[in-house]
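Taken in sequence, the protein lines are chains A and B. Each residue of the first sequence is one higher than the last, beginning at 1 in the working numbering. Each residue of the second sequence is one higher than the last, beginning at 1001 in the working numbering. Below is one structure, written out as structure tokens, with a few remarks after it.
Number of protein chains: 2
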Amino acid sequence: MPGAKEEDFLPLRDSVYNKLRQAILTGEYPPGERLMEVHLGDKLGVSRTPIREAIRMLELEGLVTMIPRKGAMVSQITEKNMSDVLEVRRALDILCVQLACERITSDGIAELRKARDNFERAVATNDSRRIAQADVEFHNVIIRATGNDRLISLEDSLSLPMYRYRYEYIKDSSGHDNLVKEHRKIVNAIEKRNPEAAASETGEHIDNQRRSIMRQIRLEREEETMNALYGKRTIR
Amino acid sequence: MPGAKEEDFLPLRDSVYNKLRQAILTGEYPPGERLMEVHLGDKLGVSRTPIREAIRMLELEGLVTMIPRKGAMVSQITEKNMSDVLEVRRALDILCVQLACERITSDGIAELRKARDNFERAVATNDSRRIAQADVEFHNVIIRATGNDRLISLEDSLSLPMYRYRYEYIKDSSGHDNLVKEHRKIVNAIEKRNPEAAASETGEHIDNQRRSIMRQIRLEREEETMNALYGKRTIR
DNA sequence: CCGTTCATTTATGTATACAAAGTTCAAGGA
DNA sequence: TCCTTGAACTTTGTATACATAAATGAACGG
């Protein structure tokens, strides 16, 4: 049957999972928001079964917290929590570049250069959304170059909790020049297949990211404290 | 109501999850075994709902593989797969000892010494089961000393796929003296709060483990090949 | 006026029923 | 003999119904 392309029907649970995940990452469902099965089911037009399964998946990724007999809520993002994630990500990102130095193919290097250039073009436009996307893609090239499937999926799930901050982080970065420089240094180190240099550059890259994200969380918390003192804002 | 201790009723899904996990890790359900919902439900005396949820949890941990509209099966353990896991674990174990050097309390050090001594006593008995357990506990002390909850849960899920081999690994280890020595070196480094030494000792420790596990997987695969050539064994 | 208790409500935990997709195997024709 | 076809069966996907625990609030008593 030529030309007949199978439209892939992905199961409802996956569809629901994607929708919920998106809603959480964009902040539509803020931390602490309760996720009630019947309510979500009505809203999305499906029964409780796929909702439950989607929520379980989100729980295992750490985006929602479940309390038995109580229900699910969007995970609170605490400073400690984010700090823990970043600590682990630092080690894994360094592992990624080290492995990439050993294993990247010439095609991979070409792809990496392209991603770097694309990132620099994005920075030139000053469009935060585009910059964030190019940044993700740049890192994905490196991660894929490791050829380690477990590492790839771990990096994926560890970067989730930070997506809410990545956008602001990009804007916050006082001048994007640092980001561009850091990316260049990392590419150079990988091209030369120099794991030590790549590792140290990556460490610095993450440390900068950490500082920015931590500052933001503190700001956010202060704001919350103010709200608590001067009046609770209505929730939807 | 003094003395009245609440017996914790854990939900059926968790109970099922534990049972299935145990069955997979002990090899009762070998890799490739299909996990059918009604069948398991009959066997365990529960409906499909908790079974499904337990299977989803196992899938996210990598112990079972799901194919849409086809069902779940116990994940195949390939050399590549295990190699990927070990590569990640090496990086995280090293992170653990480095953090432990910074953060371990004096109580923690006392606990660590106790775990080390307990391990040595276990080795003296030559009881593989006991040795394996003492080994796990030793590493857990270090992991907990990091105070990083995300790291703790990651280490937990990454060590799962190896449990099937750990037991054999202990037996295989030609003389347990190496293990004892390695543990001692790690404890010494942590006591002196020397992250570099701790990291290098841990790296070596994991590399030894890796060699042993890889050898075993190859042996197992050869055996399978023989079976395939000379006759298929019946599956339950 | 405050605290306790009990009924009501709400949401989750679990079971079951129905729908649809995939697999298997046998029958029929080239 | 081999390939095709289709019907029965198996198994998952989804919806719904029932059971049970927690939270809420009102009524009663001190």
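Each residue gets a CB set at the ideal place from its N, CA and C atoms; glycine is no exception. Remember, predicted model here, so these are calculated numbers, not experimental data.
Using a beta-carbon distance cut-off of less than 7 Å, what residues from the stretch 1071 to 1089 of chain B approach chain A?
Sequence-ordered contacts of the stretch 1071 to 1089 of chain B with chain A read D1084, V1085, E1087, V1088 [C-beta pairs closer than 7 Å].
Residue-chain proximity (T1202(B), chain A), Cβ-Cβ < 9 Å:
No, T1202(B) lies away from the interface with chain A (no Cβ there is under 9 Å from its Cβ).
How about the stretch 1130 to 1142 of chain B and the stretch 1109 to 1121 of chain B: do they share at least three Cβ pairs that are nearer than 8 Å?
Result yes; three or more Cβ-Cβ pairs closer than 8 Å.
Starting from I1067(B) and walking both ways along the beta strand (DSSP E), at which residues does that stretch end?
Counting along the chain, the beta strand (DSSP E) containing I1067(B) begins and ends at 1064 to 1067.
Report the three-state DSSP secondary structure of V46(A) (helix, strand or coil).
In the structure shown, V46(A) sits in coil (DSSP, three-state: anything other than H, G, I, E or B).
Indicate the three-state DSSP secondary structure (helix, strand or coil) for P1010(B) in the structure shown.
According to the sequence displayed, residue 1010(B) carries Leu and not Pro. L1010(B) carries a coil assignment under DSSP once its states are collapsed to helix, strand and coil.
So is T1105(B) in contact with chain A if we call contact Cβ pairs under 9 Å?
T1105(B) has a beta carbon lying at 9 Å or more from every beta carbon in chain A.
L1035(B) vs I1055(B) beta-carbon contact at 9 Å
A contact, by the Cβ cut-off of 9 Å.
Is the beta carbon of V1064(B) closer than 9 Å to that of S1075(B)?
Yes, the pair counts as a contact, with Cβ atoms nearer than the cut-off.
Near-chain A residues of the stretch 1100 to 1131 of chain B (beta-carbon distance less than 7 Å), N- to C-terminal order:
Cβ contacts with chain A: none found.
With 16 as the cutoff for other CB atoms within 10 Å, does V38(A) come out buried or exposed?
In this structure V38(A) is exposed. Its beta-carbon is surrounded by fewer than 16 other beta-carbon atoms within 10 angstroms.
In three-state terms, what does DSSP make of R1218(B)?
Here R1218(B) sits in helix by DSSP.
For G1027(B), would you say it is in contact with chain A, using Cβ-to-Cβ distances shorter than 9 Å as the test?
Any Cβ of chain A closer than 9 Å to the Cβ of G1027(B) would place that residue at the interface, and such an atom is absent.
Quick one: grab the DSSP three-state call for G1203(B).
Helix at G1203(B).
For the candidate residues E168(A), D84(A), G108(A), G41(A), whose alpha-carbon lies nearest to that of R193(A)?
Minimum Cα distance to R193(A) is reached at G108(A).
Can you tell me the Cβ-Cβ gap for E204(A) and E182(A), rounded? I've got them flagged as a contact below 8 Å.
Yes, E204(A) and E182(A) are in contact; Cβ-Cβ is about 7 Å, under 8 Å.
Does the distance from the C-beta atom of G1041(B) to that of I1051(B) stay below 9 Å?
Taking 9 Å as the Cβ cut-off, G1041(B) and I1051(B) qualify as a contacting pair.
Below 8 Å on C-beta distance, what does P1011(B) contact in chain A?
The contacting residues are P68.
Please list the terminal residues of the continuous alpha helix (DSSP H) segment that includes M82(A).
Element bounds for M82(A): 79 to 103.
Under the three-state DSSP convention, the category R240(A) falls into
In the structure as shown, chain A starts at 1 and stops at 236, and residue 240(A) therefore has no counterpart that could be examined.
With DSSP as the reference, identify every bridge partner of G1071(B), one or two as the case may be.
Bridge partners of G1071(B): I1067(B).
Would you say L154(A) and L92(A) are within 9 Å of each other, going by their C-beta atoms?
Their beta carbons are under 9 Å apart, which means L154(A) touches L92(A) by this criterion.
Can a CB atom of chain A be found closer than 9 Å to the CB of T1049(B)?
At least one CB atom of chain A sits nearer than 9 Å to the CB of T1049(B).
Look up G1147(B) in the DSSP assignment and say whether it is helix, strand or coil.
When DSSP states are grouped into helix, strand and coil, G1147(B) belongs to the coil group.
Cβ closer than 8 Å: which chain B residues qualify as neighbours of A145(A)?
Within chain B, no residue comes near A145(A); the closest Cβ sits about 14 Å away, beyond 8 Å.
Work out the CA separation of E28(A) and L219(A) for me, nearest whole Å.
Those two C-alpha atoms are separated by around 19 Å.
Nearest CA to the CA of L1086(B): which residue from T1225(B), Q1209(B), I1217(B)?
With distances taken between Cα atoms, L1086(B) lies closest to Q1209(B).
Neighbourhood of R1013(B) by C-beta distance below 7 Å, restricted to the same chain and skipping five residues each side:
Within the same chain, R1013(B) has close Cβ partners P1050, E1053, A1054.
Going by DSSP in three states, N1126(B) sits in which element: helix, strand or coil?
Residue state, collapsed to three classes: coil.
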